[in-house]
Amino acid sequence: MTPSLFDATDAVDEYTFMSTPDAAARLQSHRETFITESDMAWIAEQGLDLVRLPVGHWVLGGDEPYLGAAGLLDAAMDWAATYELAVLLDLHAASGSQNGQDHSGRVGPRL
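Counting from 14, one number per residue, gives the positions in the sequence shown under my numbering.
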């Protein structure tokens with residue numbers, strides 16, 4: 014989690030963040046600037062050949078209140094290919110919050 018994204022909110026996870034006014038716009042802006050093509054170029058320049066992309070189960074959309082990010086995932090995959098980086102797509106947050114921690118999308122008991 015990136016604490017600055019949650020500044021001036023009561024959100025403790027992405028689930029509660031999405032009920033914040035302007036959450037979708039703030040999250041979209043964060044996503045578009047947090048990882049960029051220049052990051053992929055830098056990773057390749059360092060001699061690495063693989064990147065790990067942690068994603069929530071909602072990445073392709075269709076699970077409100079979460080905001081999907083299929084287009085950004087496609088862009089990241091394209092950038093990785095451009096710099097000949099393999100991608101480990103890591104399902105980092107399963108449906109229902111697999112561990113109840115903030116990084117699983119929702120704090121609290123598993124649903």
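Built from N, CA and C at the ideal position, the CB exists for glycine as well.
This one's a predicted model, so the numbers in the text were calculated from it and none came from an experiment.
Asked: Can you say whether W55 is buried or exposed, counting buried as having 16 or more other CB atoms within 10 angstroms of its CB?; Found: exposed
Asked: What number of angstroms, rounded off, separates the C-alpha of V25 from the C-alpha of T95?; Found: 36 angstroms
Asked: What do you get for E27, buried or exposed, if any count of 16 or more other CB atoms within 10 angstroms of its CB means buried?; Found: buried
Asked: Return the residue from the list S32, F19, A89 and E77 that minimises the CA-CA distance to R65.; Found: A89
Asked: On the premise that H70 lies in contact with L104, defined as a C-beta separation below 8 angstroms, what is that separation, rounded to the nearest angstrom?; Found: 7 angstroms
Asked: How should A99 be labelled, buried or exposed, when 16 other C-beta atoms within 10 angstroms of its C-beta is the threshold for buried?; Found: exposed
Asked: By Cβ distance below 7 angstroms, which residues in the same chain neighbour W92 in space, the five residues on each side in sequence not counted?; Found: E50 and M53
Asked: Grab me the residues of L86's own chain with a C-beta within less than 6 angstroms of its C-beta, minus the 5 sequence neighbours each way, in chain order.; Found: V72
Asked: Quick check on the DSSP output: the beta strand (DSSP E) that includes D103 runs from which residue to which?; Found: A99 to A106
Asked: Around the C-beta of F47, are 16 or more other C-beta atoms found within 10 angstroms, so that it is buried, or is it exposed?; Found: exposed
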